[in-house]
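Line by line, the protein sequences are chains A and B.
Heads up, the first sequence is in numbering that gives the first Met the number 0, so the first residue is 0 and it goes up one at a time.
Heads up, the second sequence is in numbering that gives the first Met the number 0, so the first residue is 0 and it goes up one at a time.
The C-beta atom is built at its ideal place from N, Cα and C for all residues, glycine as well.
Given the structure is predicted, the values throughout are model-derived calculations rather than measurements.
Notes follow once the structure below has been shown.
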Amino acid sequence: MIKKFVYSQKVAPYVFVLPFILIFLIFWFYPLVNSFVMSFQDKMLGQDPKWIGEANYSKLLTDKVFLTAIKNSVVYMLGTLVLLIPFPMLFAVMINSKLMMGREFFKSSFFLPALTSVAVAGTIFRLTFGEMEGSLMNSFLGLFGVEPIKFLKDGEWSMAALLILACWRWTGVNMLYYLSGLKSIDNEFYEAASIDGASAWQKFRTITMPLLKPTTVYVTTISVYAGLAMFTESLMMFNGNNSPKNIGLTIVGYLYRQGIEKNKLGYAAAVGIILLVIAMVINLTQLKFSGMFKKEED
Amino acid sequence: MSRIVIISLFIILFVIIMIPFYAVALSSFKPGESLIRYGLNLSLDFSIMSFDNFIYLFTGEHDYFVWFWNSMTLTIVQVVLTLFVSAFVGYGFAAYDFKGKNFLFICVLLIMMVPFEILLVPLYSLINDLKMVNSYSAIILPGIANAATIFFFRQYLRSIPKEIIQSGRVDGANEYAIYFRLIMPIMKPSFAAMAILNGMNSWNNLLWPFMVLGDQSKFTLPIGLKTLLTPYGNNYDLLIVGSFFSIIPIFILFIAFQKYFIDGMTAGAVKG
C-alpha cells in the first residue's frame, strides 16, 4: 500500500525534492527565523534568552565599531565591483579576439589562483605585504625609490592589499564567466557591423557590452554577495579578527566577534539581519534595474 | 589594437599572477627565520636554501598529515553525498510539474542570494543543541542539498528529452528506476563538473569547519595551516612548505580535468 503510494507519479516529485525541503527547513529556514527572533533578545549560548525588543538594533546604529565594519565591507564590495567587472570583461574580449595566441594556456593559468584556499592565499599575501624592506611588495616599490610601507597598519593600504588579493584570486574566474558569455553571441552581429563600417570600439560598445548584460548581472550579483560577506580574507591577512584600529574589520567579522568570541548571540544576530537586509536591498534593486525579473521564471 | 600589444599585456598579467606561487615555491626552500625577517621575497639565495623544510614536513613530529588525511576524507564524503542528494533534487525540479514547485524553486534561488555567513550564529547554536559540535556531520549535513548544485543539475536536466522518461514509463519502470537507470548515466559529465567544483570548495573551506571543529585531531588542512600562524609560535617553515604542498593536489586535479572545472564554474552565468 505504502509502496504504491510512494511509487505513484503524483507523489514521486515530492520524494525527489524532499531532501531539499528537509535541509531547507532545518538548516536554513529555522536558523533564519531563529536569528530574527534572537536579534530581539539578550542571549548567551546555553542560557535562557531575555526579551529586549529592538534594543540590539538601536544600539547597533550608534555602535561606532559596527559603522566602521559596514564602511569597510561596503568599500571592499564597491572596490571589487570596480576592479573585477570591467577588466575581466576587457580581458575576455581580448583573449577571444582572433589576434590572440595561447588562449587555452592563459585561460587556465589565470584560473589557478582561484584554486588556492583562503588560508593559503591569505598567508601568501600577508607575507607579501610584510612591512619589512625585503618583503615582496616593499622591495618592488623600493625599485621606484618608495620607502617601505607598513601595509597592514594603515587603513587605506590594508584595504588596497585586500583588494589586490581579491583581484589576484578572481580576475581569471570572472574572465571565464565573460568568455562563456561571449560564446553565446552570434557572429553575424559583428559581420553586419563590419559592413556598416563600425570601429572595434563601436562594436564593443553597441554589440558586445549589451549582449553580455546577463553575464554582467550575474557577476555583479555574486560580487555584491561575496564583497559584503567577506571575512576570512581579512581573518588571514591580519592573523585574527583584530586589526589595528579595526581597519580590517568587516560586517561578518563583527558578527563573529560578537556572537562567537563574546557570546553575545542576540547582538550578533541583529548584525546578521542588517547584513541580510543590505544584501537583499542592493541585489534586488540591481536585478530590478537590469530588468531581470521579466525574463526569469519559466 | 595590434597582436603584440595584446600578447604582451597577457604575458605581463601572467607574470603578475604567477609571482605569488613562485615566491611560495622559492620560500619553501628557505629557513623559517628568513621569512620572519624578510617576508615573502624573490631573492634566489642558494646559500640559505635547502630541502630541510620538506624533510621536516615528511618526517617531523606534527599533525600536518593528520589534517591532510582529514581534509581528503571529508572532501570525498562531502562531495559524494552532496552530489547524490543535489542531483536527485535537481531531477525532481527538472522533470516534473507539481504543486508548490515554483515556490520551492524560489527558495533555492533565495538561498543562493543570501550570505551563508548571516546564519553562522543561529546555525552554531542549532548544532550545539543537536550535540553535533566537533563532528564532521555538522559540516556535511547543512550543505548536502546545495542550492547552487541543485540549480546546475536542474538547468542541465531541462535539456534532456522528455521522451526518455516517457519511454521508461511505457516499459513499465517506476519513477525512481527511470531516474537511476536511465537518467543518471547520461548525467556523467555534469557530475564530473560538480564533483570538481564542490571538491574544490570543500578542500578549501575554512570558516564553518573552523567554528565547528575544536579538536585538533579533527582539524582540516586550512584550519591546521591557520593555527600554525600564532603571535607566539614560530612555525613559518612548516607553514610555507605545508601551504605549498596543500596546493599541489588541487592543481593536479585541475590540470587533469580542466574542462570540467570551467564548465562547473561558468554554469548559470550566461543565463543568469
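Glutamine 40 of chain A touches chain B at which residues, Cβ-Cβ below 7 Å? None at all; the shortest Cβ gap to chain B is about 12 Å.
Please decide whether aspartate 96 of chain B counts as near chain A, where near means a Cβ-Cβ distance under 9 Å. yes
Does any residue of chain A have a CB that is nearer than 9 Å to the CB of alanine 22 of chain B? Any Cβ of chain A closer than 9 Å to the Cβ of alanine 22 of chain B would place that residue at the interface, and such an atom is present.
How do the stretch 140-149 of chain B and the stretch 79-96 of chain B stand: do at least 3 beta-carbon pairs fall below 8 Å, yes or no? Verdict: yes, contact present.
Which residues bound the alpha helix (DSSP H) around proline 30 of chain A? 29-37
Taking DSSP as the reference, what is the three-state secondary structure of aspartate 236 of chain B? In the structure shown, the three-state DSSP call for aspartate 236 of chain B is helix.
Can you check whether the C-beta of asparagine 282 of chain A is within less than 9 Å of a C-beta belonging to chain B? So yes, asparagine 282 of chain A belongs to the interface.
Does the CB of arginine 180 of chain B have a neighbour CB from chain A at under 9 Å? no
How big is the Cα-Cα spacing for leucine 224 of chain B and serine 108 of chain A? 25 Å
Below 8 Å on the Cβ atoms is my guess for methionine 186 of chain B versus alanine 86 of chain B; work out the distance and round it to an integer in Å. 6 Å
Where do the N-terminal and C-terminal ends of the alpha helix (DSSP H) with leucine 161 of chain A fall, by residue? 154-182 is the extent of the alpha helix (DSSP H) around leucine 161 of chain A.
Taking serine 136 of chain B as the query, report the chain A residues whose CB atoms sit under 9 Å from its CB, ordered along the chain. The premise fails here: serine 136 of chain B is roughly 12 Å from chain A at the closest Cβ pair, so nothing lies under 9 Å.
Just verifying my parser: in three-state terms, what is the DSSP assignment at aspartate 41 of chain A? In the structure shown, aspartate 41 of chain A sits in a strand (DSSP, three-state: E or B).
Report yes or no: is there a C-beta of chain A within less than 9 Å of the C-beta of glycine 38 of chain B? Closer than 9 Å to some Cβ of chain A, the Cβ of glycine 38 of chain B qualifies, so yes.
Please compile the residues from chain B whose C-beta is within a distance smaller than 9 Å of the C-beta of aspartate 75 of chain A. Here residue 75 of chain A turns out to be tyrosine, not aspartate, going by the sequence shown. The premise fails here: tyrosine 75 of chain A is roughly 14 Å from chain B at the closest Cβ pair, so nothing lies under 9 Å.
Can you name, in chain order, every residue of its own chain whose Cβ lies under 7 Å from the Cβ of lysine 42 of chain A, other than the five neighbours on each side? Pro48, Leu264, Gly265
Beta-carbon neighbours of threonine 265 of chain B, restricted to chain A and to distances below 7 Å: Those within 7 Å of threonine 265 of chain B in chain A are Leu175, Tyr176, Ser179.
Closer than 8 Å, Cβ to any Cβ of chain A: which residues of the stretch 100-132 of chain B, in chain order? Lys100, Asn101, Leu103, Cys106, Val107, Ile110, Met112, Val113, Pro114, Phe115, Glu116, Ile117, Leu118, Leu119, Val120, Pro121, Leu122, Tyr123, Ser124, Leu125, Asn127
From glutamate 296 of chain A to valine 223 of chain A, what distance separates their C-alpha atoms? Per-residue confidence for glutamate 296 of chain A stands at a pLDDT of 45, beneath the threshold of 50, marking its modelled position as unreliable; the derived number appears in the next sentence. Roughly 22 Å between the two C-alpha positions.
Output the distance between the C-alpha atoms of valine 211 of chain B and isoleucine 138 of chain B, rounded to the nearest integer angstrom. 7 Å
Give me the residue from A/Met100, A/Leu111, A/Ser116, A/Ile1 with the minimum Cα distance to leucine 205 of chain B. Distances from the alpha-carbon of leucine 205 of chain B to those of A/Met100, A/Leu111, A/Ser116, A/Ile1 put A/Ser116 closest.
Measuring only the C-alpha atoms, how far is valine 240 of chain B from valine 23 of chain B? 8 Å
Taking all protein chains shown into account, do 16 or more other C-beta atoms lie within 10 angstroms of the C-beta of threonine 208 of chain B, making it buried, or fewer, making it exposed? The residue asked about is misnamed: residue 208 of chain B is proline in this sequence, not threonine. Burial call: buried.
Count the other CB atoms, across all protein chains shown, that sit within 10 Å of the CB of threonine 272 of chain B; report buried if there are 16 or more and exposed otherwise. No answer is possible for residue 272 of chain B: the residues shown for chain B start at 0 and end at 271.
What is the rounded straight-line gap between the Cα of alanine 192 of chain A and the Cα of lysine 202 of chain A? Lysine 202 of chain A has its alpha-carbon roughly 7 Å from the corresponding atom of alanine 192 of chain A.
Pull up the distance between the alpha-carbon of leucine 60 of chain A and that of serine 38 of chain A, whole angstroms please. 14 Å
DSSP state of lysine 149 of chain A, grouped into three classes? coil
Thinking C-beta only, is arginine 168 of chain A closer than 9 Å to methionine 306 of chain A? Within the shown structure, residues of chain A are numbered from 0 to 297, placing residue 306 of chain A beyond reach of any answer.
Residues near arginine 153 of chain B by beta carbon distance below 6 Å, same chain, minus five either side: Gly89, Phe92, Ala93
Can you grab the Cα-Cα spacing for the pair leucine 227 of chain B / alanine 120 of chain A, in whole Å? 15 Å
Tell me, which residues are paired with tryptophan 50 of chain A by DSSP? A/Gln40
Is it buried or exposed, lysine 29 of chain B, if we count other Cβ atoms within 10 angstroms and call 16 or more buried? buried
Where the stretch 75-97 of chain B meets chain A: residues whose CB sits under 7 Å from a CB there: Val84, Phe87, Val88, Tyr90, Gly91, Phe92, Tyr95, Phe97
Comparing the CB of proline 12 of chain A with every heavy atom of the ligand ZN, is any distance shorter than 8 Å? Within the structure as shown, the ligand ZN is missing, as the structure has no ligands at all.
Cβ neighbour criterion (16 or more within 10 Å) applied to isoleucine 54 of chain B: exposed
What would DSSP say about tyrosine 255 of chain A, mapped onto helix, strand or coil? helix
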